[in-house]
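Residue numbers (the working numbering), protein chains in the order written: chain A, 1 to 416; chain Z, 1 to 416.
Below is one structure, written out as structure tokens, with a few remarks after it.
Protein chains: 2
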Amino acid sequence: MKAQIVIIGDELLVGRIQDTNTQVIAKWLGAQGFELTQVTITSDRPESLLHCLTKALEGSDLVLTTGGLGPTEDDITKQIIAKLAGTKLEKNEEAIRLAKLHYGRIDKDWDQQTNSYHLIPQGVEPVLNPAGLAPGLSLAKDGKLLLSAPGVPRELKAMLEGPFIELLERHFPKRINDHQVMTIRTFGTPEEKIFFEMMPNLWQELSHEGKVSSLPQILGVDIHLSFRGSPQDQIAMTEKWQKRLKGSPLEEHIWSYEFKSIEEVVLEKAREKDLKIALAESCTGGLVANRLTNISGSSSHFIGGVVAYANEVKQGVLKVKEDSLREYGAVSEVVATEMAEGVLNVLESDVSLSLTGIAGPGGGSEYKPVGTVCIGTANKKLAEAKTYLYRGDRTFLKRRFSEVGLHRLRKIIEKY
Amino acid sequence: MKAQIVIIGDELLVGRIQDTNTQVIAKWLGAQGFELTQVTITSDRPESLLHCLTKALEGSDLVLTTGGLGPTEDDITKQIIAKLAGTKLEKNEEAIRLAKLHYGRIDKDWDQQTNSYHLIPQGVEPVLNPAGLAPGLSLAKDGKLLLSAPGVPRELKAMLEGPFIELLERHFPKRINDHQVMTIRTFGTPEEKIFFEMMPNLWQELSHEGKVSSLPQILGVDIHLSFRGSPQDQIAMTEKWQKRLKGSPLEEHIWSYEFKSIEEVVLEKAREKDLKIALAESCTGGLVANRLTNISGSSSHFIGGVVAYANEVKQGVLKVKEDSLREYGAVSEVVATEMAEGVLNVLESDVSLSLTGIAGPGGGSEYKPVGTVCIGTANKKLAEAKTYLYRGDRTFLKRRFSEVGLHRLRKIIEKY
């Protein structure tokens, strides 16, 4: 069954905010057995929204739209859905019940003077909003379903997790999810090298199983294989390809057969060996710690870190030697090694990672250009560091540095 | 002049990755004087892409498409643009020059056996890729322009910054940018309260100036006013509204009249007063430090932080008292205060911020549910803390905690 998303997003169209809802809805649709074929971001001009929703409904079984449900004048979704339903807004008892419930949760009264949340197009169902004030909407028409949710990410998520699943079960009770994906995550070799030099028949071989795509990531390449089958088929497919690629030139570059992040893999491996991790970050400024702590349960093996942005912090807290800083500079393998050792000792961890580099735009020199990073690792026996050079802007470089740092951390944990 | 974006994004449609290109292109289009009216994300099925590009060209002067330019079999953009141009692929001398140039940068040879980068649709111009291997494409047709760039964010950015600006200047030499936006950023009061209680005429008043929209952020509400005018009109509009809102009930909630992030504002204020900032993060796990260090030049006033995830780190590095941890628990105002004081002393900063809370999903209790956060601040004279409670999932809570923490930091810097 096919689905489309229509996002009302004036703020997205002027580039003020970053859309995060598409990914959330896309994952949810996949899990619910729908194939997402198109996403459209449109303005809150009534004619544009009407046009986009009409087109989306023509091509799919389910359309999910976000935004335009609030109480202010730029909130036009209800009017447009009335047009699609061919009806007018009218007082709706369920909407009144929901408004009182939603406002009651924040200890406020709601009545018909508060706003027009009680007016709903005839034939349209108001939907519980578990995390906000504006109700969602549901319109069933010609065997298709149009669901409308607020654009606020937290409210959208809450509707996807509860009320919308119930609506799908009511309208599409027989759907099954037979769409499977296997992901081969690789690190340290470019796309062209994989498919044209290392494994020239890989693409064709994989194509016998399903639809192949290759996605260069911030570092490394993901190879996706989409195919129809059951979750059991998915497991079998992964086992088959793990066997097939064993001993191949690609093997040493593969770090996961699942779509896991490197921070998840690092924490899993630390859990397997029961190791405590500490970080000493300079140029990444807390990004590596932030990535690790985004994972639930990270506190059992990530104990903490020091963001040593100023040299005084490197010396005072991490015990980096003044001489090393003076002689080799803050961005050096010597200092990176001392940072890794220092944080291991001060925080009493089993393994540690350090990063010191130049994320730019300022601070580069001929010998140490912007994009240079020295990455150190330590365990109780050995501390060492390596230098890397990447290109990109500040946030991109921070991201790349953190990525390669996490892979270094993975490797010292694997070897522990 | 109107523009649309068409993104080839199978990985986006299955929710595997987060789209970041839309925001980058949207900002760029605005700066180049284009109004972005629609964004479409489609799959790499040839008929879908052809349909989306055709529709996008019908409704706009400029269409920018990303993805599908690489060397593998799922890269179909070139074929589709050939269909739009009504021509066939042929050997292109400029494309050969570019291929040799692009591969030369990574010390590799390119020849016609490497891949088919030398084949370009007749009437289509290959475009320099300053940061990658695949060339961009440019098709001028019926006074409209179609630009095609790789989907890799770094390569896209490099093309937007250089080659695509040149192409716009060649094809649309007379365009001017008369689209202005004023943003009133508020904190600490909901949308409904602003427009229905505090300032019931604000929306209507603003509407006399242009198009108003209201966007609830992760904490606080942004009010945007879009209007036609020069950059001077923009300054005048802001001054007018700053005066108008002075003394209004909204004033104390407004923290910026520009679209700046709270981390930028914090660093600006620290710069004005020449204060050094240090952080002690538990539940946010480095997120606040990461946000501050995303800003270029942050190193002059952010000296560093301690990610004190484990209690041992709170005690060992930040000198939080064992008694306080035992008596009040790690998530308490007492511990938050000691963390803020501790990091101020250990890192020798002028001001500090601490956060200790429960981001979930585990770790909550009846008295301290998931979403509880104690936020401490300190300067050389005073350390204090306050408790907040929010709802949401782990990454959302981390984000909210960091947001309210940065606002607390802004306030103690303002008062310093």
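Ideal Cβ placement from N, Cα and C applies to all residues, glycine included.
Here the structure is a predicted model, which is why all the values come from computation and not from measurement.
- According to the DSSP assignment, residue 124 of chain Z belongs to no alpha helix (DSSP H), since it is labelled neither H nor E.
- Look at the beta carbons and you see the stretch 114-134 of chain Z touching the stretch 157-176 of chain Z: at least three pairs across the two are nearer than 8 Å.
- For the stretch 62-96 of chain A, the beta-carbon criterion of a distance under 8 Å to any beta-carbon of chain Z is satisfied by 70, 71, 72, 73, 74.
- Identification of chain Z residues near residue 216 of chain A by a Cβ-Cβ cut-off of 7 Å yields 152, ordered along the chain.
- The alpha-carbon separation between residue 170 of chain Z and residue 142 of chain Z amounts to approximately 15 Å.
- The stretch 318-326 of chain A makes no contact with the stretch 322-338 of chain Z, as fewer than three CB pairs between them are under 8 Å.
- Leaving aside the five residues that flank residue 300 of chain Z on each side, the residues in its chain whose CB is nearer than 8 Å to its CB run, in chain order, 271.
- A check of alpha carbon separations from residue 7 of chain A across A:52, A:32, A:15, A:34 identifies A:52 as the nearest.
- Counting along the chain, the unbroken beta strand (DSSP E) around residue 136 of chain A starts and ends at 136-141.
- Residue environment analysis places residue 92 of chain Z among the buried positions, since at least 16 neighbouring C-beta atoms fall within 10 angstroms of its C-beta.
- Listed by position along chain Z, the residues whose Cβ is nearer than 9 Å to that of residue 234 of chain A form an empty set, because the closest Cβ is around 14 Å away.
- By the criterion of a C-beta distance shorter than 7 Å, residue 295 of chain A is surrounded in its chain by 263, 264, 267, once the five residues flanking it on both sides are discounted.
- Neighbours of residue 27 of chain Z across chain A, judged by C-beta separation under 7 Å: 15.
- Contact of residue 391 of chain Z with chain A is assigned, a C-beta pair being separated by under 8 Å.
- Of all alpha-carbon atoms in A:372, A:200, A:100, A:347, the one lying nearest the alpha-carbon of residue 359 of chain A is that of A:372.
- Contact note: residue 361 of chain Z reaches chain A through 296, using a C-beta cutoff of 8 Å and chain order.
- In terms of CA proximity to residue 69 of chain Z, Z:81 leads the group Z:238, Z:81, Z:48, Z:195.
- Residue contact check for residue 289 of chain A against chain Z: a CB pair falls below 8 Å.
- Bridge pairing for residue 113 of chain Z: absent [DSSP].
- For the stretch 189-223 of chain A, the continuous beta strand (DSSP E) assignments of 3+ residues that do not extend past its boundaries occur at 211-216, in sequence order.
- For residue 181 of chain Z, the nearest beta carbon of chain A is closer than 8 Å to its own beta carbon.
- In chain order, 306, 307, 308, 309, 310, 313, 317 make up the part of chain Z whose C-beta sits under 8 Å from the C-beta of residue 304 of chain A.
- The beta carbon of residue 213 of chain Z sits closer than 8 Å to some beta carbon of chain A.
- Less than 8 Å divides the Cβ of residue 26 of chain Z from the Cβ of residue 14 of chain A.
- Within 8 Å of the CB of residue 346 of chain Z, the CB atoms of chain A belong to 316, 317, in sequence order along the chain.
- Separation of residue 335 of chain Z and residue 403 of chain Z (C-alpha to C-alpha, rounded to the nearest whole angstrom) is 20 Å.
- Residue 30 of chain A is classed as buried because its beta carbon has at least 16 other beta carbons within 10 Å across all chains shown.
- The three-state secondary structure of residue 388 of chain A, taken from DSSP, is strand.
- Below 8 Å, enough C-beta pairs join the stretch 280-292 of chain A and the stretch 276-287 of chain Z to call them touching: three or more.
- Legend: CB atoms of the stretch 28-39 of chain Z lying less than 7 Å from CB atoms of chain A belong to residues 30, 36, 37, 38, 39.
- Below the 8 Å Cβ cutoff, chain A contributes no neighbours of residue 377 of chain Z, its closest Cβ being approximately 18 Å away.
- Taking 8 Å as the threshold, the shortest C-beta distance from residue 358 of chain A to chain Z does not fall below it.
- Looking at the backbone, the Cα of residue 71 of chain Z and that of residue 2 of chain A are separated by about 29 Å.
- Note on geometry: alpha-carbon atoms of residue 298 of chain A and residue 280 of chain A lie some 17 Å from one another.
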